[in-house]
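In this text, residue positions in the sequence shown follow the numbering used here: the first is 776, and each later residue adds one.
Note that CB positions come from ideal geometry on N, CA and C, so glycine has one too.
In what follows, a single structure is set out as structure tokens and then discussed.
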Amino acid sequence: HPPLHRGAGHCGGPSARLVSKGSEQVKAGLTRPRRRKGVYQMNALVLLAGCGLGDGSCVEEVILTYTVLDKYGHSYAIAAVDMDVPSVDHRTEAPGPERNVLTESARMGRGRIQELSALDLEPFDALLLPGGIGLISNYRHCPQVLSCLDHFLRRGKPIGAMCAGIDFLRMTIGRDLLLEEAAQLSP
């Protein structure tokens, strides 16, 4: 069982949209929370894909994820895959040297980054995917990540995604994911 972060918070939860078993089911809020001392708590796995919008996880979305989890007192672990991938120079958008996803993710991992394959996924109530192009470029065909997604889907555990995280889920679990919801937002 990995060491987990426990933030201070109060009853309630983020208004994130979470995908549960079957890509056609989308529910607002959190499912399967635990109640402890009058507060609903969730144990989430935050999956990072490097550091930087162009070739990793989006810094702002990762920080927003941590902030919301801390605010509402949810526990979470932070993980990434130990693999080398091409990088992008964020100043020029030119290809850069290869970097290690786990090492790059550690920049935002709050000193607690763990290798995905070393984790027991069973204790986690939800999977959270902050956006960033690295989800798509680094993890689209990654067996460890696809196995992780499968774990959460088969058990009906929610998967929350932001921005490119939604595109990543469309590429891996269903192209029609959230299309009905997106159509409702369009004028």
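query	result
Under 8 Å between C-beta atoms of I853 and R885	yes
Chain D contact for I908 (CB, 8 Å cutoff)	The structure shown contains no chain D; it holds only a single protein chain.
Sequence-distant residues of the same chain with beta carbon closer than 7 Å to S862, five excluded per side	D830, G871, P872, E873, R874
Cβ-Cβ distance between G940 and E879 below 8 Å	no
Assigned exposure category for T947 - 16 Cβ within 10 Å defines buried	buried
Sequence ranges, alpha helix (DSSP H) only - wholly within the segment 798-885, length at least 4	834-846, 876-880
L896 in three-state terms, based on DSSP	coil
Endpoints, the alpha helix (DSSP H) within which G940 is located	939-947
Distance, G909 Cα to V834 Cα	12 Å
Simplified DSSP assignment, three categories, for L952	coil
Unbroken beta strand (DSSP E) run spanning L921, endpoints	Run containing L921: none in the beta strand (DSSP E); it sits in the alpha helix (DSSP H), 918-929.
Backbone CA spacing between V821 and L877 [nearest angstrom]	13 Å
Close-in-space but distant-in-sequence residues of the same chain around R950 (CB under 6 Å, 5 per side omitted)	none
Burial state of Q816 (16 or more Cβ within 10 Å)	buried
C-beta contact flag for I837 and L823 at 8 Å	Checking the sequence shown, residue 837 turns out to be Val, not Ile. Yes.
Within 8 Å, strictly: CB atoms of A819 and D900	yes
Contact check, I934 vs L921, beta carbons under 8 Å	no
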